[in-house]
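Residue numbers (the numbering used here): 567 to 973. All residues carry an ideal CB built from backbone N, CA and C; glycine is no exception. Structure first, then comments.
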């Protein structure tokens, strides 16, 4: 497997576009479309929030009940959440407008929205935008980039990735794009993310692979502890790579799962590193835990700690906050046995051992914490399980961004 330049248009048969539809923002792209030349098998995971946006309900129905999916239409600026029956009607109208322009059926069109909760969509603009998008679809890298830019809200950078691997003697490609910067604390899902692939795989195994992998990727990300009403992760597989259909868990399935994990993990880290107001990606890796579940609990407890996140922003090696977060995670352990390290491109340093602070230089610790990617490495010395979680520092700008979000 290797990483290549690209995004949602990297795999065979996929096209994309991004346009300015004027949904809410002015003078910026705010609608995107991803389209496959042939029908796809679709898989998805969605928000566990009881309050679900209309597009989430629409997409769950398409993924579970439709024979195939062929297009995704996404708008930014307005979430179409808490919008009642009209919100569902607007999903149908958007899908129908895209279907008419593309010559496909409305139940093969997935619809996603992101932005302010409670506002009604200007449906005429979405219908016009869907028609415009269908007319400018391309398979180029630039088209994929335009789509990735059009789904951004408070994101500061677009997020995309692509990989290739060999399956059944054929070159198989997976590409992805996502958006997410605030209201990020997924549970069984992610923010908005879209993965396209030309692999030939059964719908059942595609869904199983996605549901399993999300537990170690997107579900290990947190920016602010808020699980969105709109979180959606979709995978479309059109089979154009020409490999023999993957219908059982064999070497071909393992190769696909490895590639899917690479895409999902990369997108997860891009979201964490672009958290609202963030200056650093903050990673916590827990090793030698007694169970996988406990390793996950410990890692996520650290990256979600507001005090720890603030210390990372201040480049302060306040290891007491990390120990505290480990201690209230709900996992039982002996604090006098664990070791804690801080690590970045500036080096790696032991800061806690045998129940007390290690002999370390505060100056060197500050250098390590001043890098754009920082890792807290925790050795539990209890067993053979490990887990990694990703977050970001907590800055003044996070409050500023969210205080002004609706305006």
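Pick out whichever of the options has its Cα sitting closest to the Cα of residue i.
i            : options               : result
residue 1033 : 784, 796, 783 and 802 : There is no way to answer for residue 1033, as the model of the chain reaches only from 567 to 973.
residue 709  : 631, 895, 595 and 932 : 595
residue 661  : 673, 615 and 946      : 673
residue 652  : 664, 628, 689 and 666 : 689
residue 704  : 626, 573 and 834      : 573
residue 958  : 946, 916 and 871      : 871
residue 584  : 611, 868 and 700      : 700
residue 607  : 614, 630, 961 and 597 : 630
residue 724  : 628, 933 and 837      : 837
residue 754  : 664, 719 and 611      : 611
residue 823  : 752, 702 and 765      : 765
residue 769  : 889, 811, 807 and 840 : 811
residue 762  : 579, 963 and 956      : 579
residue 691  : 771, 929, 655 and 588 : 588
residue 773  : 813, 659 and 744      : 813
residue 910  : 899, 919, 900 and 930 : 930
residue 945  : 889, 744 and 575      : 889
residue 964  : 869, 875, 654 and 655 : 875
For residue i and residue j, what's the separation of their Cα atoms in angstroms?
i           : j           : result
residue 891 : residue 727 : 32 Å
residue 866 : residue 632 : 36 Å
residue 855 : residue 861 : 5 Å
residue 779 : residue 926 : 38 Å
residue 877 : residue 609 : 39 Å
residue 591 : residue 681 : 10 Å
residue 829 : residue 904 : 32 Å
residue 670 : residue 636 : 8 Å
residue 883 : residue 853 : 20 Å
residue 827 : residue 969 : 35 Å
residue 912 : residue 961 : 22 Å
residue 831 : residue 707 : 21 Å
residue 908 : residue 914 : 6 Å
residue 602 : residue 775 : 21 Å
residue 953 : residue 937 : 22 Å
residue 923 : residue 887 : 13 Å
residue 885 : residue 842 : 24 Å
residue 893 : residue 639 : 44 Å
residue 667 : residue 848 : 44 Å
residue 720 : residue 657 : 23 Å
residue 850 : residue 777 : 23 Å
residue 971 : residue 948 : 44 Å
residue 626 : residue 835 : 25 Å
residue 897 : residue 790 : 22 Å
residue 664 : residue 955 : 38 Å
residue 844 : residue 757 : 17 Å
residue 881 : residue 586 : 40 Å
residue 744 : residue 900 : 39 Å
In the DSSP output, which residue or residues are listed as bridge partners for residue i?
i           : result
residue 907 : 916 and 943
residue 745 : 758
residue 958 : 847
residue 681 : 643
residue 597 : 585 and 641
residue 988 : The first residue shown for the chain is 567 and the last is 973, placing residue 988 beyond what the model contains.
residue 937 : The partner list for residue 937 (beta bridge, DSSP) is empty, contrary to what the question assumes.
residue 607 : 803
residue 729 : 569 and 740
residue 789 : For residue 789, which the question treats as bridged, DSSP gives no partner whatsoever.
residue 923 : 918
residue 951 : 855
residue 696 : Note: residue 696 sits in no beta bridge, so no partner.
residue 676 : 638
residue 767 : 812
Assuming residue i and residue j make a contact with CB atoms under 8 Å, what is their CB distance in whole Å?
i           : j           : result
residue 787 : residue 570 : Not confirmed; about 24 Å, so no contact.
residue 906 : residue 917 : 6 Å
residue 648 : residue 616 : That pair is no contact at about 12 Å.
residue 895 : residue 863 : 5 Å
residue 597 : residue 714 : Wrong, their Cβ atoms sit about 13 Å apart, outside the cutoff.
residue 741 : residue 833 : Their Cβ separation, rounded to whole angstroms, is 11 Å, which puts residue 741 and residue 833 out of contact at 8 Å.
residue 902 : residue 921 : 3 Å
residue 628 : residue 676 : 5 Å
residue 614 : residue 793 : 7 Å
residue 825 : residue 599 : Their Cβ separation, rounded to whole angstroms, is 24 Å, which puts residue 825 and residue 599 out of contact at 8 Å.
residue 840 : residue 711 : Not really, about 16 Å apart at Cβ, beyond 8 Å.
residue 807 : residue 702 : That belief does not hold up - the Cβ atoms of residue 807 and residue 702 are roughly 26 Å apart, past 8 Å.
residue 604 : residue 804 : 5 Å
Answer yes or no: does any C-beta atom of chain C fall closer than 8 Å to that of residue i?
i           : result
residue 598 : Protein chain content of the structure displayed is limited to a single chain, and chain C is not contained in it.
Open item on the list: I want to know whether the segment 678-687 touches the segment 640-651 - three or more CB-CB distances under 8 Å.
Closed with: yes
Open item on the list: Count Cβ pairs between the segment 810-823 and the segment 934-948 that sit closer than 8 Å; are there 3 or more?
Closed with: no
TODO: Inspect the CB distances between the segment 739-749 and the segment 766-783 and report whether three or more fall short of 8 Å.
DONE: no
Open item on the list: Across the segment 695-709 and the segment 732-743, are there enough close Cβ pairs to call them in contact, namely three or more that are closer than 8 Å?
Closed with: no
Task: the segment 615-633 touching the segment 791-799, judged by at least three CB pairs closer than 8 Å - done: yes
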